[in-house]
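S.K.: Sequence lines, in order, name chains A, B, C and D. Quick note on the numbering used here: the first sequence kicks off at 36 and runs consecutively. Quick note on the numbering used here: the second sequence kicks off at 36 and runs consecutively. Quick note on the numbering used here: the third sequence kicks off at 36 and runs consecutively. Quick note on the numbering used here: the fourth sequence kicks off at 36 and runs consecutively. Sending over a structure as structure tokens; questions will come in a sec.
Number of protein chains: 4
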Amino acid sequence: MDIHINKNLTLTENPYKERARMLISCPDGPGIVAAVSYFLHQHGANIVQSDQYTMDPEGGMFFMRIEFDLSDLDQKFVELKGKFQEVATKFAMNWQIHNVSRKKRMAIFVSKEDHCLVELLWQWQAGDLDGEIAMVISNHPDMKDYVESFGIPYHMIPVTADTKKEAEQRQLEVIGDDIDVIILARYMQIISPTFIQRYRNRIINIHHSFLPAFVGGKPYAQAYQRGVKIIGATAHYVTEELDGGPIIEQDVQRVSHRDDVRELKRIGRTIERVVLARAVKWHIEDRILVHENKTVVFN
Amino acid sequence: MDIHINKNLTLTENPYKERARMLISCPDGPGIVAAVSYFLHQHGANIVQSDQYTMDPEGGMFFMRIEFDLSDLDQKFVELKGKFQEVATKFAMNWQIHNVSRKKRMAIFVSKEDHCLVELLWQWQAGDLDGEIAMVISNHPDMKDYVESFGIPYHMIPVTADTKKEAEQRQLEVIGDDIDVIILARYMQIISPTFIQRYRNRIINIHHSFLPAFVGGKPYAQAYQRGVKIIGATAHYVTEELDGGPIIEQDVQRVSHRDDVRELKRIGRTIERVVLARAVKWHIEDRILVHENKTVVFN
Amino acid sequence: MDIHINKNLTLTENPYKERARMLISCPDGPGIVAAVSYFLHQHGANIVQSDQYTMDPEGGMFFMRIEFDLSDLDQKFVELKGKFQEVATKFAMNWQIHNVSRKKRMAIFVSKEDHCLVELLWQWQAGDLDGEIAMVISNHPDMKDYVESFGIPYHMIPVTADTKKEAEQRQLEVIGDDIDVIILARYMQIISPTFIQRYRNRIINIHHSFLPAFVGGKPYAQAYQRGVKIIGATAHYVTEELDGGPIIEQDVQRVSHRDDVRELKRIGRTIERVVLARAVKWHIEDRILVHENKTVVFN
Amino acid sequence: MDIHINKNLTLTENPYKERARMLISCPDGPGIVAAVSYFLHQHGANIVQSDQYTMDPEGGMFFMRIEFDLSDLDQKFVELKGKFQEVATKFAMNWQIHNVSRKKRMAIFVSKEDHCLVELLWQWQAGDLDGEIAMVISNHPDMKDYVESFGIPYHMIPVTADTKKEAEQRQLEVIGDDIDVIILARYMQIISPTFIQRYRNRIINIHHSFLPAFVGGKPYAQAYQRGVKIIGATAHYVTEELDGGPIIEQDVQRVSHRDDVRELKRIGRTIERVVLARAVKWHIEDRILVHENKTVVFN
Numbered sequence: 036m037d038i039h040i041n042k043n044l045t046l047t048e049n050p051y052k053e054r055a056r057m058l059i060s061c062p063d064g065p066g067i068v069a070a071v072s073y074f075l076h077q078h079g080a081n082i083v084q085s086d087q088y089t090m091d092p093e094g095g096m097f098f099m100r101i102e103f104d105l106s107d108l109d110q111k112f113v114e115l116k117g118k119f120q121e122v123a124t125k126f127a128m129n130w131q132i133h134n135v136s137r138k139k140r141m142a143i144f145v146s147k148e149d150h151c152l153v154e155l156l157w158q159w160q161a162g163d164l165d166g167e168i169a170m171v172i173s174n175h176p177d178m179k180d181y182v183e184s185f186g187i188p189y190h191m192i193p194v195t196a197d198t199k200k201e202a203e204q205r206q207l208e209v210i211g212d213d214i215d216v217i218i219l220a221r222y223m224q225i226i227s228p229t230f231i232q233r234y235r236n237r238i239i240n241i242h243h244s245f246l247p248a249f250v251g252g253k254p255y256a257q258a259y260q261r262g263v264k265i266i267g268a269t270a271h272y273v274t275e276e277l278d279g280g281p282i283i284e285q286d287v288q289r290v291s292h293r294d295d296v297r298e299l300k301r302i303g304r305t306i307e308r309v310v311l312a313r314a315v316k317w318h319i320e321d322r323i324l325v326h327e328n329k330t331v332v333f334n
Numbered sequence: 036m037d038i039h040i041n042k043n044l045t046l047t048e049n050p051y052k053e054r055a056r057m058l059i060s061c062p063d064g065p066g067i068v069a070a071v072s073y074f075l076h077q078h079g080a081n082i083v084q085s086d087q088y089t090m091d092p093e094g095g096m097f098f099m100r101i102e103f104d105l106s107d108l109d110q111k112f113v114e115l116k117g118k119f120q121e122v123a124t125k126f127a128m129n130w131q132i133h134n135v136s137r138k139k140r141m142a143i144f145v146s147k148e149d150h151c152l153v154e155l156l157w158q159w160q161a162g163d164l165d166g167e168i169a170m171v172i173s174n175h176p177d178m179k180d181y182v183e184s185f186g187i188p189y190h191m192i193p194v195t196a197d198t199k200k201e202a203e204q205r206q207l208e209v210i211g212d213d214i215d216v217i218i219l220a221r222y223m224q225i226i227s228p229t230f231i232q233r234y235r236n237r238i239i240n241i242h243h244s245f246l247p248a249f250v251g252g253k254p255y256a257q258a259y260q261r262g263v264k265i266i267g268a269t270a271h272y273v274t275e276e277l278d279g280g281p282i283i284e285q286d287v288q289r290v291s292h293r294d295d296v297r298e299l300k301r302i303g304r305t306i307e308r309v310v311l312a313r314a315v316k317w318h319i320e321d322r323i324l325v326h327e328n329k330t331v332v333f334n
Numbered sequence: 036m037d038i039h040i041n042k043n044l045t046l047t048e049n050p051y052k053e054r055a056r057m058l059i060s061c062p063d064g065p066g067i068v069a070a071v072s073y074f075l076h077q078h079g080a081n082i083v084q085s086d087q088y089t090m091d092p093e094g095g096m097f098f099m100r101i102e103f104d105l106s107d108l109d110q111k112f113v114e115l116k117g118k119f120q121e122v123a124t125k126f127a128m129n130w131q132i133h134n135v136s137r138k139k140r141m142a143i144f145v146s147k148e149d150h151c152l153v154e155l156l157w158q159w160q161a162g163d164l165d166g167e168i169a170m171v172i173s174n175h176p177d178m179k180d181y182v183e184s185f186g187i188p189y190h191m192i193p194v195t196a197d198t199k200k201e202a203e204q205r206q207l208e209v210i211g212d213d214i215d216v217i218i219l220a221r222y223m224q225i226i227s228p229t230f231i232q233r234y235r236n237r238i239i240n241i242h243h244s245f246l247p248a249f250v251g252g253k254p255y256a257q258a259y260q261r262g263v264k265i266i267g268a269t270a271h272y273v274t275e276e277l278d279g280g281p282i283i284e285q286d287v288q289r290v291s292h293r294d295d296v297r298e299l300k301r302i303g304r305t306i307e308r309v310v311l312a313r314a315v316k317w318h319i320e321d322r323i324l325v326h327e328n329k330t331v332v333f334n
Numbered sequence: 036m037d038i039h040i041n042k043n044l045t046l047t048e049n050p051y052k053e054r055a056r057m058l059i060s061c062p063d064g065p066g067i068v069a070a071v072s073y074f075l076h077q078h079g080a081n082i083v084q085s086d087q088y089t090m091d092p093e094g095g096m097f098f099m100r101i102e103f104d105l106s107d108l109d110q111k112f113v114e115l116k117g118k119f120q121e122v123a124t125k126f127a128m129n130w131q132i133h134n135v136s137r138k139k140r141m142a143i144f145v146s147k148e149d150h151c152l153v154e155l156l157w158q159w160q161a162g163d164l165d166g167e168i169a170m171v172i173s174n175h176p177d178m179k180d181y182v183e184s185f186g187i188p189y190h191m192i193p194v195t196a197d198t199k200k201e202a203e204q205r206q207l208e209v210i211g212d213d214i215d216v217i218i219l220a221r222y223m224q225i226i227s228p229t230f231i232q233r234y235r236n237r238i239i240n241i242h243h244s245f246l247p248a249f250v251g252g253k254p255y256a257q258a259y260q261r262g263v264k265i266i267g268a269t270a271h272y273v274t275e276e277l278d279g280g281p282i283i284e285q286d287v288q289r290v291s292h293r294d295d296v297r298e299l300k301r302i303g304r305t306i307e308r309v310v311l312a313r314a315v316k317w318h319i320e321d322r323i324l325v326h327e328n329k330t331v332v333f334n
């Protein structure tokens, strides 16, 4: 039974079918903006937004995000990519180009706590997350009916200490070759380095503390113990270092001595939901560049 | 006695002596970014930051801020301006260019409440406001000694119902021809349309409420009366409509039933200080574009 | 099909079955706290939390909230109420006492926008709203399946300009005599004075602006038009004056020139959800006292 | 030259000359509130505010703050203290009573960074800090003229690695026996355990990070390195463990990749000022109770 309908799917016309986005990072130097904007202008594109940031004018890194409209984008997309490679090579660019009408496909991992998943599903169904939730993978059966009520496949893959490797293998099979981003929506299992390597800067985790405070498990208990006056949550890309990957977004809320651990968790759940949803939104809108262990977010 | 020293003045070398900033607004159309960046590249400039925003891709307005470095800027500045006019004319641009090493000169107006003035003086002295406080004008003598202890001229120009016109005439004389921006740091007098016209989008006022709530006098009393749970302050450019000009910045703080009007004022003073100082900082760093009754702030 | 289970219902033991709460307001004077706390102590109660606030020590109003544990509360409840009336009469108290184990019953009104309803259902199901959602009433059929999937009755009562009176009559019948609080979770119809009178200070509405800014319809369009840098939402009790009732809670979020009306609405939806849910939580936890047109919230 | 006048000193009448405050902590048990409020009522006091918090109803700790008015307080103060000891003994209370008209005396320690000192002086002079700044002690001469312009004594006591012990001895002599609270307003020296012991829970430090993140020196450099999206500051009581004492207050502000270490410091200075000033205000208004390594703040 599909009792939820993604509002975006009911639009008769895609408002962005001629829009593309580029993300560029390269060593800074003169002429980059000129070269990119000249290239796009030459090919008939109209830049509707561009953001740029130079970490340090002398010898630093240059980051750019450009959003442009181009008629008949679908037909010209491959050619445009091919030709831009010349510009890219000249400036030693690390670059991506995305056709906006091709929605990003997400796989959401979840264990038993449902708040982050519920938020993502609601935002998706409200048309606020402009991507496709392709599947939900869980080591528990709890959310099956709920997820399927959105018409989204639910894969229950149990994980035990002994079957960790097989379980991950099974996850990779289910994911296949057509998933853009993996979201750990309070998935309480460690991801292996092999898995991380394959989805470098494409696995988003929500940590239930204001990192780097309270790394590891039970952050709300630690926060209560330390008597902090503000608690937070952190969305980050997963790297081999636990809770150490590039931070995408953080937010906080004020608490007081009146809030016990149970109350901190309750307050924290709302921060976690909001922070994770923002990070996912920015990722699928191609707003995030990663450099070393930090993010540049053009939002 | 100068007991305060602006930390910026103690720098032996100006770190930005080759930097300039451009602010551009024009009807949107293809090729603007390309033309501007190509022009700058051709003239040897290195773009260190650029921000751009299109209000609506089809037939809307285009806004741009560019910060660039150019060696021997001082010698080339006039010529660069002259040549850019061609580009500007082609795209019907409304544009400004600023040499960063030429500090903006501010005149601060104040009545009896000193908190906004104290904040601006402190931020200036700490080197956080990258401009020059050229003078303070007040209708009261209270702050004379304090202002002069910073080595800043203080002009006491009394204002009464009968002498309003003469007082304003006197203010204009004192200001002269070399002031870039006028800051009403809780100056409790209405500015005449003639004065406003002369400094269009260059007079910044701090209003002690979250506009458009509580327009007019006694906003904290109104906020208390209405029982709001959050109070705020608003920095805006002064227009002929009281409290109706383009909003530059706003901020808020949570209050509760425990806060009476006196306490709301106390809390409000800190919001006012911070909000006004941010607006002034953005203005003198050429971060604000005004379009109709709204601001585009590239910060 | 019930695919959602309220986590609170799965508890085998009610942790608060001996707990009660009192809300008191009266003219201030000496001896009130002593009299109340002495009364409770005499009757074997243990005060676990008490909050008190005097609007003005000389001749003002006194407000108090007390939470206490008392063994065999159920048996003693009626007698305790009867006896306390003596104390109450002496100090001219306006007072209520609530047995915490008797959950507040809520009726939620909704039109087409679902975000506030979804949030309340999720928080209820997560065990964060310690009340009972007794029914949902709507003038549209859209949310029927979703609401019923929680095992909650859904009453579709259409409202047209001609049938307004009959519709309200039908709503009152459906509500019956056992609803403690009515929540307008983006219910886009005006409530009649007769209805308001019957549920005085028990109808909570969410307004999608930072009141008193942008009273009335289309607040996000007004906010965009005015160019504010922060938007908000306000939960308030409904009175005969549109958007003019006592404010319970407000919250805000920073926006920029980049956010168009659609984006302001998207951001606003999350503020609305959070603000309404907080107001409902405080109401059903007996944390709100209303005095004239203002609230005292002990949270 | 005194160019600054504390606005409170210009009041012809002390509005609080009959007001006192009590802070109580003890093991929880029945009858505490009743006993305290009955005692005060019996002695003619009128409670104008009371706050109470029980960490855990069964066998936990009970905390209370009471503010009351009593005519002829000055004459009755000593007797009242004596008599209350009976109540206190019965409930094993840890308690304090303060006569509000007897202002708390502060000693401020500062090194070279002046922003926290400037804020405290300004808030004091504005009448917002209801205490007496008795002296400023510094290991540098920089702020002498400024501090003395407020009519406040400035003691320059140099500290070197070799003279640390003598310097602290000299500080203690200067402080004497009549200082209530010591404020480390960015004082960059470690305080010895002996000194801490003597002013247990009466030395307030401002740490320039959101503790426990970025303990130790150079927190802004660490924050930049880690790429956090929010920075903060923490006011805490000084204990023998560096940056490990009970947290009084914290606040934060959003930052982005655009903010380099210099900009983080600039933003941080405003957070530090505000957070420290709040902590000092709460301390001198007797709003803080310390239990083990945590604070209960009744604000």
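Cβ atoms here follow ideal geometry from the backbone N, Cα and C, with glycine treated the same way. These numbers were taken from a predicted model, which means no experiment stands behind them.
1) With distances taken Cα to Cα, identify the nearest neighbour of C/Ala127 among C/Leu105, C/Leu115, C/Met96.
2) For A/Leu156 and A/Ile239, what's the separation of their Cα atoms in angstroms?
3) Would you mind sorting C/Glu148 into buried or exposed? The rule is 16 or more other CB atoms within 10 Å of its CB.
4) Just the C-alpha distance for D/Arg304 and C/Ser146, rounded to the nearest angstrom, thanks.
5) Would you please state the rounded distance, in angstroms, between the beta carbons of A/Val310 and A/Asp278? I believe it to be under 8 Å.
6) Would you say A/Thr305 lies against chain B (beta-carbon separation less than 7 Å)?
7) Could you check if B/Val68 is buried or exposed, using at least 16 other CB atoms within 10 Å of its CB as the buried criterion?
8) Do A/Gly66 and B/His78 have their C-beta atoms within less than 7 Å of each other?
9) Please tell me whether B/Glu53 and B/Leu115 are closer than 7 Å, where the distance is taken between their beta carbons.
10) Is D/Arg322 helix, strand or coil by DSSP?
11) Distance check for A/Phe230 and A/Glu203, CA to CA, integer angstroms please.
12) In terms of residue numbering, what span does the beta strand (DSSP E) encompassing D/Val83 cover?
13) Between D/His271 and D/Glu298, what straight-line distance do the alpha-carbon atoms span, to the nearest angstrom?
14) Mind checking who B/Arg289 pairs with in its DSSP beta bridge?
15) For B/Gln224, which of B/Ala248, B/Ile192, B/Pro247, B/Tyr259 has the nearest alpha-carbon?
16) Under 6 Å Cβ to Cβ from D/Asn134, same chain only, skipping five residues before and after it: list those, please.
17) Within the continuous beta strand (DSSP E) that includes D/Pro228, where are the two ends?
18) Write down the C-beta distance between C/Ile323 and C/Ile283 rounded to the nearest angstrom, noting that I regard them as a contact closer than 8 Å.
19) Once the 5 residues before and after D/Ser72 are set aside, which same chain residues still bring their CB inside 7 Å of it?
20) Considering C/Ile187, what are the terminal residues of the alpha helix (DSSP H) in which it resides?
21) Can you tell me whether C/Asn328 is helix, strand or coil according to DSSP?
22) Is it buried or exposed for B/Pro62, if we count other Cβ within 10 angstroms and need 16 for buried?
23) At a Cβ threshold of 7 Å, is A/Asp294 touching chain C?
M.R.: The short version:
1) Counting from 1 along the third sequence, the entry for residue 127 of chain C is found at position 92. Among C/Leu105, C/Leu115, C/Met96, the Cα nearest to that of C/Ala127 is on C/Met96.
2) The count along the first sequence starts at 1 and reaches residue 156 of chain A at position 121. The count along the first sequence starts at 1 and reaches residue 239 of chain A at position 204. Their backbone Cα atoms lie some 16 Å apart in a straight line.
3) On the third sequence, position 113 is the one that residue 148 of chain C refers to. That one is buried.
4) The residue labelled residue 304 of chain D in the question sits at position 269 within the fourth sequence. The residue labelled residue 146 of chain C in the question sits at position 111 within the third sequence. Roughly 48 Å separates the two Cα atoms.
5) Counting from 1 along the first sequence, the entry for residue 310 of chain A is found at position 275. Counting from 1 along the first sequence, the entry for residue 278 of chain A is found at position 243. No, A/Val310 and A/Asp278 are not in contact; Cβ-Cβ is about 14 Å, not under 8 Å.
6) By 1-based counting over the first sequence, the position of residue 305 of chain A is 270. No, A/Thr305 lies away from the interface with chain B (no Cβ there is under 7 Å from its Cβ).
7) In the second sequence, counting from the first residue as 1, residue 68 of chain B sits at position 33. B/Val68 is buried by the Cβ-count criterion.
8) By one-based count along the first sequence, residue 66 of chain A stands at place 31. By one-based count along the second sequence, residue 78 of chain B stands at place 43. The answer is no: Cβ separation not under 7 Å.
9) Reading the second sequence from its first residue, position 18 is the one you call residue 53 of chain B. Reading the second sequence from its first residue, position 80 is the one you call residue 115 of chain B. Going by C-beta atoms, B/Glu53 is not nearer than 7 Å to B/Leu115.
10) The count along the fourth sequence starts at 1 and reaches residue 322 of chain D at position 287. In the structure shown, D/Arg322 sits in coil (DSSP, three-state: anything other than H, G, I, E or B).
11) On the first sequence, position 168 is the one that residue 203 of chain A refers to. On the first sequence, position 195 is the one that residue 230 of chain A refers to. Taking the straight line joining both Cα atoms gives about 8 Å.
12) Position 48 of the fourth sequence, counted from the first residue, corresponds to residue 83 of chain D. D/Val83 -> beta strand (DSSP E) spans 81 to 89.
13) Residue 271 of chain D sits at position 236 when you count from the first residue of the fourth sequence. Residue 298 of chain D sits at position 263 when you count from the first residue of the fourth sequence. If I take the Cα positions, the gap works out to 24 Å.
14) Counting from 1 along the second sequence, the entry for residue 289 of chain B is found at position 254. BP columns for B/Arg289 point to B/Ile265.
15) Here residue 224 of chain B refers to the residue found at position 189 of the second sequence. Checked all of B/Ala248, B/Ile192, B/Pro247, B/Tyr259; the closest Cα to B/Gln224 is B/Ile192.
16) In the fourth sequence, the residue the question calls residue 134 of chain D occupies position 99. Ala55, Phe112, listed in sequence order.
17) By one-based count along the fourth sequence, residue 228 of chain D stands at place 193. Not the beta strand (DSSP E): D/Pro228 falls in the alpha helix (DSSP H), residues 228 to 233.
18) Locating residue 323 of chain C in the third sequence gives position 288, counting from the first residue. Locating residue 283 of chain C in the third sequence gives position 248, counting from the first residue. C/Ile323 to C/Ile283, Cβ: 6 Å. Contact.
19) Start at 1 with the first residue of the fourth sequence, and residue 72 of chain D comes out as number 37. The residues are Ile82.
20) For the purposes of this step, residue 187 of chain C is identified with residue 152 of the third sequence, where counting begins at 1. No alpha helix (DSSP H) holds C/Ile187; DSSP gives it neither H nor E.
21) Here residue 328 of chain C is taken as the residue at index 293 of the third sequence, counted from 1. If DSSP states are grouped into helix, strand and coil, C/Asn328 belongs with coil.
22) Working through the second sequence from its first residue, we reach residue 62 of chain B at position 27. It counts as exposed.
23) In the first sequence, counting from the first residue as 1, residue 294 of chain A sits at position 259. With 7 Å as the cut-off, A/Asp294 does not count as an interface residue toward chain C.
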